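To get our numbering, take the position in the sequence shown, counting from 1, and add 1.
In this text, a Cβ means the ideal position worked out from N, Cα and C, and glycines have one as well.
Everything numeric in this text was worked out from a predicted model, so none of it was measured.
Note sheet for the following structure.
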Amino acid sequence: DPTKAVALHEAYIYATVLTVCTLILAILHHLYFYHVQCAGMRLRIAMCHMIYRKALRLSNVAMGKTTTGQIVNLLSNDVNKFD
């Protein structure tokens, strides 16, 4: 029957298009999250660098008011919020 053959052919085309679109969506989705993760990591590294530089430039009076735990907390917990 020619109509059944055409309908089956259309079904194969739709299935192929749907599969290709799903693959493209998955690839683009993963690329997006990869680039967002890289940007977050760069931001985290920059913030750690800024905190470390600031800690090295603190005067003795300011260093007396700041504990090592506060600086470590900034570097370990607070900066990880950028990831």
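Problem set entry | Extent of the continuous alpha helix (DSSP H) to which K66 belongs | N61 to K66
Problem set entry | Cα-Cα separation between I52 and Y35, rounded to whole angstroms | 26 Å
Exercise. Alpha carbon to alpha carbon, what distance is there between M64 and I28?
Worked result: 49 Å
Exercise. Just reading off the alpha helix (DSSP H) that L75 is part of, what are its end residues?
Worked result: Premise fails: L75 is in no alpha helix (DSSP H) and is neither H nor E.
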